[in-house]
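J.: Protein chains in written order, with my numbering: chain H, 81 to 193; chain R, 1090 to 1206. Yeah, the Cβ is synthetic: ideal placement off N, Cα and C, and Gly gets one too. First, the structure itself, so that you have it in front of you.
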Amino acid sequence: EADIYQTPRYLVIGTGKKITLECSQTMGHDKMYWYQQDPGMELHLIHYSYGVNSTEKGDLSSESTVSRIRTEHFPLTLESARPSHTSQYLCASSERGSSYEQYFGPGTRLTVT
Amino acid sequence: AQKITQTQPGMFVQEKEAVTLDCTYDTSDQSYGLFWYKQPSSGEMIFLIYQGSYDEQNATEGRYSLNFQKARKSANLVISASQLGDSAMYFCAMREVFSGSARQLTFGSGTQLTVLP
Chain H
81 EADIYQTPRY
91 LVIGTGKKIT
101 LECSQTMGHD
111 KMYWYQQDPG
121 MELHLIHYSY
131 GVNSTEKGDL
141 SSESTVSRIR
151 TEHFPLTLES
161 ARPSHTSQYL
171 CASSERGSSY
181 EQYFGPGTRL
191 TVT
Chain R
1090 AQKITQTQPG
1100 MFVQEKEAVT
1110 LDCTYDTSDQ
1120 SYGLFWYKQP
1130 SSGEMIFLIY
1140 QGSYDEQNAT
1150 EGRYSLNFQK
1160 ARKSANLVIS
1170 ASQLGDSAMY
1180 FCAMREVFSG
1190 SARQLTFGSG
1200 TQLTVLP
């Protein structure tokens, strides 16, 4: 079982609020990722990190930002939530190397009213 | 063009029977990896099986096997002896070693599998 955690699991918040979605892993993985997934749809990469102080945007444009100050922690922040941000957000991590699978957290289901 | 194509939005299978979920991919890389994930209704993504492009034998993990046909660029997932707990969304994904940005996974649109009692 993967040791990757996300909080909160569910969040309902009003438009304009600032939110931070937490993601932590205890496996010492260098690589971490954030995906956005609408119900029943494919996952889209929005942010990734190769290590501490390394962050890049993914293929899907997102108004969110991320930081990687510690290896185990990769939080995602929305400065001003909007209804269009309603989605599931999945955090993942992996070891270096192309053959290693990504371990996923349980996800955060965000609803912006 | 889609990098990963899953043409079956939904599939039904009788309990204890085998089922094949289709996946085709598009890449010009010689080196890549193919993954299958299961996503139950609870939302988490569970890794099932991996196939490297240079692996000569099809990958197997318990009841899961990957039917890898490199020339046809297909990587179908075979689930043997289906169980009710196999009902979930199944995603095929690819990581390209050289041309994929950040070497992240690219996912298909998924197949919703329902196992009937």
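Quick one: list the residues of chain H neighbouring S1198 (chain R), beta-carbon separation under 8 angstroms, in chain order.
T.: Those are M121 and E122, listed as they occur along chain H.
J.: Specify the secondary structure class of S173 (chain H) as computed by DSSP and reduced to three states.
T.: DSSP places S173 (chain H) in strand when its eight states are reduced to three.
J.: Quick one, which of R:M1100, R:Y1114, R:M1134 and R:G1122 has its alpha-carbon nearest G187 (chain H)'s?
T.: Ranking the options by Cα distance to G187 (chain H), first place goes to R:M1134.
J.: Let me see if you follow: with CB-CB separation under 7 angstroms, is F1157 (chain R) close to chain H or not?
T.: Answer no: the Cβ-Cβ gap between F1157 (chain R) and chain H never drops below 7 angstroms.
J.: Assign H153 (chain H) to one of three DSSP states: helix, strand, or coil.
T.: Reduced to three states, the DSSP call for H153 (chain H) is strand.
J.: Classify Q1091 (chain R) as buried or exposed, calling it buried when 16 or more other Cβ atoms lie within 10 Å of its own Cβ.
T.: So Q1091 (chain R) ends up on the exposed side.
J.: How many angstroms separate the CA atom of R89 (chain H) from the CA atom of A1160 (chain R)?
T.: Each residue's Cα considered, the two are about 42 angstroms apart.
J.: Tell me, please, whether the CB atom of E1106 (chain R) is closer than 7 angstroms to any CB atom in chain H?
T.: No, no contact with chain H.
J.: Suppose you measure from the CA of L91 (chain H) to the CA of L170 (chain H); what does that come to, to the nearest Å?
T.: If you take the alpha carbons of L91 (chain H) and L170 (chain H), they lie about 14 angstroms apart.
J.: What are the boundary residues of the beta strand (DSSP E) that E136 (chain H) is part of?
T.: Per DSSP, E136 (chain H) belongs to the beta strand (DSSP E) from S134 to K137.
J.: For Q1103 (chain R), which residues in the same chain have their Cβ closer than 8 angstroms to its Cβ, ignoring the five residues on either side in sequence?
T.: So the list reads S1171, V1204 and L1205, once near-sequence residues are dropped.
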